[in-house]
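Adding 51 to a residue's 1-based position in the sequence shown gives its number in the working numbering. The C-beta atom is built at its ideal place from N, Cα and C for all residues, glycine as well. Please read these numbers as outputs of a predicted model, since none were measured by experiment.
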Amino acid sequence: MHTESGAASSAIQLADFDIDSATGFVPSTAPVARLEPAWEVWELLLEEATRRKFCLGATLGLSDSEREKSELWRARVRTTAVLPITDLKCSEVVMRRAHSVLTFLLHFYVHTLPPEADVVIPASISLPLLQVSAQLEVPPVMAYSDDIMYNWALQEPTTDGVPTTDNLRSLASFTGAADEEAFYLAPVRVELRGAEALRIIQSVLDDLAADSPEITARTTDALTHLVPVIKLLREELLGVRTGCDPDFFYRNIRPWLVGAGSTDDRPWIFEGIERDPTLTQPKYLSGSSAAQSPLIQALDVFLGVQGAPSGPVDAASMSLSTPFAQRMRVYMARRHRALLHRLESQENRTLRSFVAGAQDAALSEAYNSALRALKEFRDAHMIIVTLYVIGPAKRVAREEAEAQGRNVVVPREDTMKGSAGGDLARLLKDFRDKTMGALIP
Ligand code: HEM
């Protein structure tokens, strides 16, 4: 794009959207790992919960001593003072840590409750969480940004502090197990590899806006470069298999990430909400899912995959009938969400309309190759979901039926729900079909 003075400017400035050109949506320096002493009590409660290895409240045959162990912790949470967040407000990165810690506490609290208990979240968690969430403009529930995007540190310190795929460890954890860390770090690596994709997106949009004479060749070249980048995303995704056991994931990690309303109908009651008139009752609280990854949606929007959501989204206007990908956006950091909106509202040509109009065989092929690579990413993702969700779900159903002397009813894939509450098989197939639907004949 050229300004009136003739100087070149970018169609999008990645930094405006809290994106680093080297690390993409992942921050280029490690997230805050511990809150200041004023909020130390939250950090201590979290440390204790992880250390004591609580069982999920819904575990079949849970012993009285296990129940007591988590109840003692919950009682302590209930008697913890409601801490003001005023001094947290001055820093977004500190508030992110606060959101992460508070949502880990929230999910520990809720998911250790006996399955028949009402879900009443004590004011010591609910009020600061609602307030921090309002500041960050994200819902008061665990999201991808809490357990993945801002939940890592460098394994070994480096002089520049910039994260790389082979130098990461995770911070907060439910189980403290290496499998959980492997599960959290695989998507961080996907996002880090995605930085290159974002640079390519930026350069293509610049070229489209500038309408230079070499635009066809340059766009062909850029899209050709995008293909191995997407293939690398696929490799990093499949890399979760090194270190994270599928059954351990399904039984011991996934249930902690679930939000309200996705697996049972007990409402989450946020105690003390009436004490702060600026707060509103949260409406829909999906669980954490990598479907909240801004990178994959950015690729969808850029490549013109149909069904990618359009228009700004906010929690207040959402309902269960809002398309899944659009609902997932509400859980993204607000500036990442803003990038997706910006990509959609490009005043200039979209990539797809440019490719379709150019009628250039090499360009169309490069574009289609990028789409095929994204489809292959989704094929690999379906393999992961089969391995980590569908297979273990069937095994658990069989074991539970046998333990209770019932006939085994293996759950049907088309009735299974994702961790964010979507209809699993249909949803994933839909995304894959839409990716292929964008191919230019
Ligand atoms: C063990 C690893 C993983 C498991 C078990 C898993 C599971 C799932 C499930 C169950 C869904 C359905 C939606 C829902 O959550 O309700 C989903 C959707 C999705 N996941 Fe994953 N996922 C994993 C890793 C990843 C990674 C690393 C990424 C990329 C960073 C990713 C990106 C997505 C996307 C973009 C969707 C939305 C559907 C689509 O766009 O195709 N997932 N995932």
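Just confirm the distance between the C-beta atoms of LEU139 and VAL183, as a whole number of angstroms; I'd bet it's less than 8 Å.
-> 7 Å
Would you be able to state if there are at least three C-beta pairs under 8 Å between the stretch 415–423 and the stretch 271–289?
-> yes
Let me know the beta strand (DSSP E) ranges lying completely inside the stretch 102–188, each 3 residues or longer, listed in chain order.
-> 170–172
Is the closest heavy atom of the ligand HEM to the C-beta of SER340 under 7 Å?
-> yes
Does the stretch 71–90 come close enough to the stretch 205–216 to have 3 or more Cβ pairs within less than 8 Å?
-> With the rule of 3 Cβ pairs closer than 8 Å, the stretch 71–90 counts as touching the stretch 205–216.
Using 7 Å as the cut-off, classify the Cβ of PHE353 as near or not near the heavy atoms of the ligand GDP, replying yes or no.
-> Judged by which ligands are present, the ligand GDP is missing from the structure shown, whose ligands are the ligand HEM.
Would you report the Cα separation of ALA389 and ARG380, rounded to the nearest angstrom?
-> Approximately 9 Å, taken between the alpha carbons.
CA-to-CA distance, PHE234 to GLY442, given in whole angstroms = 17 Å
Taking buried to mean at least 16 other C-beta atoms within 10 Å of its own C-beta, is ASP198 buried or exposed?
-> buried
Of the choices PRO238, ASP257, GLY75, ALA66, whose alpha-carbon is the least far from that of LEU288?
-> PRO238
So what does LYS282 bridge to, in DSSP terms?
-> For LYS282, DSSP records no beta bridge to any residue.
At which residue ranges does the stretch 226–306 contain complete beta strand (DSSP E) runs of 3 or more residues, listed in the order of the chain?
-> none
Would you mind reading off the limits of the alpha helix (DSSP H) that contains ALA342?
-> Looking at the DSSP string, ALA342 is not in any alpha helix (DSSP H), and its letter there is neither H nor E.
Cβ pair count under 8 Å reaching 3, the stretch 102–119 against the stretch 169–176 = no
Under the assumption that CYS295 contacts ASP230 (Cβ atoms under 8 Å), give the Cβ distance between them as a whole number of angstroms.
-> 5 Å
Residue span of the alpha helix (DSSP H) that contains SER404, given as start and end | 402–409
Return the bridge partner residues of ALA204 from the DSSP annotation.
-> ARG220
If we count the other Cβ atoms within 10 Å of its Cβ and call it buried at 16 or more, is SER396 buried or exposed?
-> exposed
If we call anything under 8 Å between Cβ atoms a contact, is VAL152 one with LEU86?
-> yes
Enumerate in chain order the residues of its own chain whose CB-to-CB distance from ALA489 is below 7 Å, with the five nearest sequence positions on each side excluded.
-> LEU354, GLY355, VAL356, GLN357, ARG403, LEU422
Take the Cβ of ARG244 as the centre, count every other Cβ of all protein chains shown within 10 Å, and call the residue buried at 16 or more, exposed below.
-> buried
Check whether the Cβ atoms of ALA349 and ILE251 lie closer than 8 Å to each other.
-> no
When we look at the beta-carbon of SER340 and count the other beta-carbons within 10 Å, is it buried (16 or more) or exposed?
-> Its Cβ being crowded by 16 or more others within 10 Å, SER340 is buried.
If you count every other CB in all the chains shown that lies within 10 Å of the CB of SER114, and 16 or more means buried, which is it?
-> Exposed.
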